[in-house]
């Protein structure tokens, strides 16, 4: 394709820089637009107005992508806005972004707070509300990364190149490349220290997967991560591409002893003689100020299951070849347990052993499969002894009896084209500690309260097991989960990664046709 020249964009002209006031007004216009396509068009128009140096600040504000400032933002809402004179210079989005980055680097809490108060005092009431909502990642204008990606595609016309680059980069880096020099998108490729969007699996059964040559691996109940090494630099990234290296110093130390530059994929689990529930692992993130206690109180293990890069990209090599490379890098004790079954009995025995040892089930992987970043490919399958969905909590009810004082009956929703559609409710599956934790989280996301129901911003994802899906007029989705119970809080997943209403329908139809058996996921 022919790429637009950088000079086709206003960001290289002599237009004025985007004032923060203007960005807030544009965001409000986008919020009022109902059509997804019209939102994309409006966003694309904004992007085309930006200079290169404004791309990161403006997209960060629109998506709420900022490093944590560790300041009680809520207490700052009372800061009175400054009354600007007509002649006074209004701050640009770039200037405010630069100040925020400076604040994030300061170690002194009181200094950070004073600097943030100084920014807020310069903003009008509307500007301040948008600014704070962005810091809290609560920008409610109907724009997520997926929509922003489509806007970048539209603004540049480089649809395929933008989408491919997004598999190896964060959304802001893609925007900077695409809007300033689209030709560089072609050169963008997998490299250590730049997180890669993980390849995804589909649900399956042993009957289905054994029709081809596959390997079976234990499916660990933990956090999927990438471990990157380049020279003496080591980084650990979550499936949401966040740098979480500081929370797993023992894994950083382990990786430092491996040879070569690499990108490895694995699963971190809490482990104390036997696997511990996923919630134990999450405590590392909730108690980041007590890192010195990590080793004793929340010990972890990592099991590696793939390698994407070893001194060069190998994602186009077969899974079978990649595994052989992985065996040369990692000691056997840190590899995922794995077999290549030759009979159904052997496969069933392996699945049963995984469950008896406290794991979720197994993964089945086609030996010939390439690694497709960010794609849900029918080359990898999840096989578990029960059906699960990752759903979003959109509301919760105050409990009674033992659960009094906690939000504990959760309204569960699947993603659809317009937002989230309810498919069930449950209060089962969680511990008292988790009820207390979710109550605090949900109250921080509260939109409104009606009777004993608190409606919340859809941010929290939970993994829900259930016996079956039934047709139902009780919920707007037309479906209801039967005997739903929460297995775990999916803090490693965003609401954008929750399962869709389409998947709910697929599970219902498979069950109706008798295609889901005891070993299905």
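Residue numbers (the numbering used here): 412 to 932. We treat Cβ as the ideally placed atom computed from N, Cα and C, and that holds for glycine.
Secondary structure of residue 649 (DSSP, three-state): strand. Just measuring C-alpha positions, the residue of 860, 913, 559 and 785 sitting nearest residue 447 is 559.
With respect to the 8 angstroms criterion, residue 876 and residue 797 are classified as neighbours on the basis of their beta carbons. Taking 3 residues as the shortest admissible run, the region 771–841 contains the following complete beta strand (DSSP E) segments, listed from N- to C-terminal end: 772–777, 787–794, 798–809, 818–826 and 831–837.
Secondary structure of residue 611 (DSSP, three-state): strand. The residue from 766, 816, 692 and 665 with its alpha-carbon nearest to that of residue 741 is 665. The alpha-carbon separation between residue 791 and residue 445 amounts to approximately 37 angstroms.
The three-state reading of DSSP puts residue 744 in helix, counting H, G and I together.
Contiguous beta strand (DSSP E) elements confined to the region 632–695 occur at 634–641, 644–649 and 673–681, taking only those with 3 or more residues.
At the C-beta level, residue 719 and residue 726 come within 8 angstroms of one another. By a beta-carbon distance limit of 8 angstroms, residue 662 does not contact residue 603. Their separation comes to about 16 angstroms. Taking the CA atoms as reference points, residue 631 sits about 28 angstroms from residue 820. Non-local C-beta neighbours of residue 471 in its own chain, meaning closer than 8 angstroms and more than five positions away in sequence, comprise 477, 508, 545 and 583, ordered along the chain. Each residue's CA atom was taken as its position, placing residue 692 and residue 784 some 25 angstroms apart. Within the same chain, and ignoring the five residues on either side of residue 577 in sequence, the residues whose Cβ sits closer than 8 angstroms to its Cβ are 560, 585, 608 and 785. For residue 451, the secondary structure class from DSSP, reduced to helix, strand or coil, is helix. The residues 818 and 863, in chain order, have a CB closer than 7 angstroms to that of residue 809 in the same chain once the five nearest residues on each side in sequence are set aside. Closest by C-alpha distance to residue 648, out of 660, 635 and 641, is 635. Your pair residue 775 and residue 615 checks out as a contact, with CB atoms roughly 6 angstroms apart and the cut at 8 angstroms. Residue 883 carries a coil assignment under DSSP once its states are collapsed to helix, strand and coil. Burial is judged here by how many other beta carbons sit within 10 angstroms of a residue's own beta carbon; residue 830 has fewer than 16 and is exposed.
Rounded to whole angstroms, the separation of the alpha carbons of residue 812 and residue 902 is 28 angstroms.
Under DSSP, residue 430 takes part in a beta bridge, and its partners are 503. Taking 8 angstroms as the cut-off, the beta carbon of residue 893 is found closer than this to the beta carbon of residue 878. Taking each of 466, 552 and 449 in turn and checking the Cα distance to residue 439, the smallest one comes out for 552. As computed with DSSP, residue 628 is found in a beta bridge with 749 and 774.
A buried status is given to residue 752, since no fewer than 16 other beta-carbon atoms sit within 10 Å of its beta-carbon.
Between residue 730 and residue 788, the C-beta spacing is not below 8 angstroms. Taking each of 757, 519 and 581 in turn and checking the Cα distance to residue 652, the smallest one comes out for 581. Looking at 466, 750 and 852, the one whose alpha-carbon comes closest to that of residue 621 is 750. Ranked by Cα distance from residue 658, the first of 672, 681 and 758 is 681. Secondary structure of residue 900 (DSSP, three-state): strand. Non-local C-beta neighbours of residue 910 in its own chain, meaning closer than 8 angstroms and more than five positions away in sequence, comprise 800, 801, 802, 825 and 826, ordered along the chain.
Pairing residue 713 with residue 678 gives a Cβ-Cβ distance under 8 angstroms. Spanning the alpha carbons of residue 474 and residue 533 requires a straight line of approximately 22 angstroms. Looking from the CA of residue 671, the closest CA among 716, 722, 695 and 687 belongs to 722.
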